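Here is the structure we will look at, set down as structure tokens.
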Amino acid sequence: MAHATVGVAGIEYIQGAMKKPVKKDGHKHGSYLIMTHRTAPTTNPNCQRVYAKNADAYTRTTAPSANELQARSRLSQASQATAVRMKNLSTLEADRAAFNAQKDTPGGKKTFYSYIFNLEYDKLRS
-6 MAHATVGVAG IEYIQGAMKK PVKKDGHKHG SYLIMTHRTA PTTNPNCQRV YAKNADAYTR
54 TTAPSANELQ ARSRLSQASQ ATAVRMKNLS TLEADRAAFN AQKDTPGGKK TFYSYIFNLE
114 YDKLRS
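Here the sequence shown is numbered in the numbering used here, starting from -6 and rising by one per residue.
The following block contains the structure:
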């Protein structure tokens, strides 16, 4: 759903899907209404955009490639390995210490989950 900031004069900005189609009885009713807010620095004062898309705009038309299926599998395996490792009491203390040592460094992971996930994902890539 959309994230909004409301100020004294009303809505200051909205970013995300304001409206999504409703799926009922096997088909969709309505359309997507998406609003974006540009945060990059610019001299253009117009930073809000609104898009309306058909209900089937995000329906995939091609089959996933072999590379995509392999990437999905790797992400799934890394996610499962992360869940197991985060519950492993024998490595938890060492993982926490290593996470705390790197979190304030440039490029360091800011959450414990993302730190463990990257460790597990790197194991699968090599």
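Beta carbons: idealized from backbone N, C-alpha and C, even for Gly.
Quick caveat, the model's predicted, so the values are computed rather than measured.
Subject >> Outcome for I4 when other beta-carbon atoms lying within 10 angstroms are tallied against a minimum of 16 >> reply: Looking up residue 4 in the sequence shown gives position 11. Exposed, by the Cβ-count rule.
**OP:** From the DSSP output, in three-state form, read off T35 for me.
**Re:** For the purposes of this step, residue 35 is taken as the residue at position 42 of the sequence shown. The answer is coil: DSSP assigns T35 none of H, G, I, E or B.
Original post:
Count the other CB atoms within 10 Å of the CB of Y108; is the residue buried (16 or more) or exposed (fewer)?
Top reply: Locating residue 108 in the sequence shown gives position 115, counting from the first residue. Result: buried.
Original post:
Is it true that the stretch 68 to 79 meets the stretch 42 to 59, where meeting means three or more beta-carbon pairs spaced less than 8 Å apart?
Top reply: The stretch 68 to 79 is not in contact with the stretch 42 to 59.
**OP:** Taking all protein chains shown into account, decide if T(-2) is buried (16 or more other Cβ within 10 angstroms of its Cβ) or exposed.
**Re:** As a first step, residue -2 must be located in the sequence shown, where it is residue number 5. It counts as exposed.
Original post:
In angstroms, rounded to a whole number, what distance separates the CA positions of R78 and T98?
Top reply: Working through the sequence shown from its first residue, we reach residue 78 at position 85. Working through the sequence shown from its first residue, we reach residue 98 at position 105. Looking at the two C-alpha atoms, the distance is approximately 23 Å.
Subject >> Run of the alpha helix (DSSP H) containing Y114, from where it starts to where it stops >> reply: For the purposes of this step, residue 114 is taken as the residue at position 121 of the sequence shown. Judged by DSSP secondary structure, Y114 falls within the alpha helix (DSSP H) whose first and last residues are 105 to 118.
Original post:
By DSSP, does T75 sit in helix, in strand, or in coil?
Top reply: Position 82 of the sequence shown holds residue 75. In the structure shown, T75 sits in a helix (DSSP, three-state: H, G or I).
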